[in-house]
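So the structure is just underneath, and the comments pick up after that.
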Amino acid sequence: MRAKRDAMFAELDVKADEKEAHATASVTSSTSVTPPRGLGRGRELVGLGARVHTCSENAVELEGCRRRWEEMKLPVTVSVCDVSVRAEREKLMESAKQTFDGKLDILVNNVGRNVAKATVECTAEEYSHLMSTNLESAFHLSQLAHPFLRDASIAGGGSVVNISSVASSLGYSTLALYCISKGGVNQLTRSLAAEWAQDKIRVNSVAPGGINTELQNSVDPKVIENTLLRTPMHRLGEPVEVASMVSFLCMPAASFVTGQPLI
1 MRAKRDAMFA ELDVKADEKE AHATASVTSS TSVTPPRGLG RGRELVGLGA
51 RVHTCSENAV ELEGCRRRWE EMKLPVTVSV CDVSVRAERE KLMESAKQTF
101 DGKLDILVNN VGRNVAKATV ECTAEEYSHL MSTNLESAFH LSQLAHPFLR
151 DASIAGGGSV VNISSVASSL GYSTLALYCI SKGGVNQLTR SLAAEWAQDK
201 IRVNSVAPGG INTELQNSVD PKVIENTLLR TPMHRLGEPV EVASMVSFLC
251 MPAASFVTGQ PLI
């Protein structure tokens, strides 16, 4: 079993008359900011004008990424946070609040923990830890972000993007816990979209297939091989390809898109 976490937030200021977007603050919660995933996703949002706050449980890796962002002169700030822990999620949101002066336009829940083993061998502790990381963190951080997203400055309102997985709708041998958690993320996405539309907050999810990240290290090679056989392009996707979709969902161009798990 292998897992990492990171989180990212952003504030987005849009000139609606020019149809240009300049993000000033966003937060991303996820499991890793290690290259290439974290660097690519943060850079994608910054490219749209965002100020980004991201987190990871791994202080060493996070500091390495922070230095690289600093060298590239990207407006990214960081926090060390284990998003499976409620108190740390609350501390993370408070840090983002202070960083962005109480403003927030975008929340990206980019968490991924995996337990690859026979279902009958999974323990109660593994179940609890995976659910608190993959599902509960998205639920709780969305709750915490709601008051700020409701007052988002971007045209079309605030945006939440949850990173799900194709495993949310397909069954995979030895990945029952992961599939359950990501299926829950999709249902959370639909429910929040229906409930928060009145607050001008859009909620979507991106549900990619196999992506070339460190999470693949915890998956049985045979599972990856079978996944590629079912993938029309017969290859793993790259993190930047997911990052581009996330960025689109945060923009005014997607202002009528909500409640959608994009696979």
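Under full-length UniProt numbering, residues 1 to 263 are what the sequence shown spells out, in order.
Quick reminder that beta carbons are idealized off the backbone N, C-alpha and C, glycines included.
By the three-class DSSP mapping on this structure, what secondary structure does residue 174 have? Coil, per DSSP.
Helix, strand or coil for residue 47, going by three-state DSSP, please let me know. Residue 47 falls in the helix class under three-state DSSP.
Nearest neighbour of residue 82, chosen from 69, 132, 174 and 222 [CA to CA]: Out of 69, 132, 174 and 222, 132 has the C-alpha closest to the C-alpha of residue 82.
With DSSP collapsed to three states, give me the class of residue 169. Residue state, collapsed to three classes: coil.
Just mark residue 103 as buried or exposed, buried being the case when its beta carbon has 16 or more other beta carbons within 10 Å. Buried, by the Cβ-count rule.
What separation, rounded to the nearest whole angstrom, lies between the Cα atoms of residue 242 and residue 150? Spanning the two alpha carbons is a distance of roughly 26 angstroms.
Determine the direct distance from the alpha carbon of residue 185 to that of residue 259, and round the result to whole angstroms. Our two residues, residue 259 and residue 185, have alpha carbons roughly 11 angstroms apart in a direct line.
Quick check on residue 104: does DSSP put it in helix, strand or coil? Three-state DSSP puts residue 104 in coil, outside helix and strand.
Range of the contiguous alpha helix (DSSP H) that encloses residue 240: Element bounds for residue 240: 239 to 250.
Just list the residues that DSSP pairs residue 109 with in beta bridges. Beta bridge pairing from DSSP links residue 109 with 162.
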